[in-house]
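Shown next, in structure tokens, is the structure this report addresses.
As structure tokens, this is what we get:
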């Protein structure tokens, strides 16, 4: 039997988990900003993020009621940029794919994801979820998930 999986909106009560996942060494290595984030800066970032849903959307992934990861979408001029992180203790179990596959159904606009070329796991997750490699620039791979195509006349 499948373990229940869901995405729910993040809340301030998730701050400790989000900070721990963000500061995990493997997460930092895959991130654009590799600095360790302090608690005060994190709380301010999370509060701002939760109060600006027109600019950023943030979810917590839960399996069997336990938080196992997070994904977010940041508003760009032409699309939403998505990113994801899985709790270190549950990596390698397909959770990132489940998160991203559910996440894409929340949008009618194009989605993009930036992945570092050495982050093979995230490349596979993006491609398996339907993202297509568009180009490489500024040291990252740009994946796109196009909006729902219109039906031809």
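Residue numbers (my numbering): -13 to 139. For every residue, glycine included, the Cβ atom is placed at its ideal position computed from N, Cα and C.
Exercise for review: Could I get the ranges of all uninterrupted beta strand (DSSP E) runs contained in the segment 41 to 79, with 3 residues as the minimum, in chain order?
Suggested key: 42 to 49, 52 to 61 and 66 to 72
Practice item. Please list, in chain order, all residues of the same chain as residue 109 whose beta carbon is under 6 angstroms from its beta carbon, the five residues on each side excluded. Key: 101
Practice item. Sort 44, 97, 115 and 50 by Cα distance to residue 58 and report the nearest one. Key: 44
Practice item. Flag this pair as yes or no: are the beta carbons of residue 68 and residue 89 separated by less than 9 angstroms? Key: yes
**Study point:** Per DSSP, cross-strand counterpart(s) of residue 126
**Key:** 123
Review point. Are the beta-carbon atoms belonging to residue 74 and residue 12 less than 9 angstroms from one another?
Key: yes
Practice item. For residue 100, write down the residues that DSSP places opposite it in a beta bridge. Key: 128
Point to revise | residue 70 beta carbon less than 9 angstroms from that of residue 82 | key: yes
Practice item. Note down, in chain order, each residue of its chain lying with its Cβ closer than 6 angstroms to the Cβ of residue 28, except the 5 sequence neighbours on either side. Key: 5
Practice item. Could you tell me how far apart the beta carbons of residue 213 and residue 0 are, in whole angstroms, since I believe they sit closer than 8 angstroms? Key: Residue numbering for the chain in the displayed model covers -13 to 139; residue 213 lies beyond these limits and cannot be assessed.
Review point. So what does DSSP say about residue -10, is it helix, strand or coil?
Key: coil
**Study point:** Integer Cβ distance of residue 103 from residue 128, believed to fall under 8 angstroms
**Key:** About 11 angstroms separates the two Cβ atoms, so there is no contact after all.
Practice item. Could you pull out every residue in the same chain whose Cβ sits closer than 8 angstroms to the Cβ of residue 40, ignoring the five residues on either side in sequence? Key: 61
Practice item. To the nearest angstrom, report how far apart residue 85 and residue 77 are at their CA atoms. Key: 13 angstroms
Review point. For residue 184, is the classification buried or exposed, using 16 other Cβ atoms within 10 angstroms of its Cβ as the cut-off for buried?
Key: Outside the shown range of the chain, which is -13 to 139, sits residue 184, and nothing can be said about it.
Practice item. Pick out whichever of 9, 38 and 96 has its Cα sitting closest to the Cα of residue 22. Key: 9
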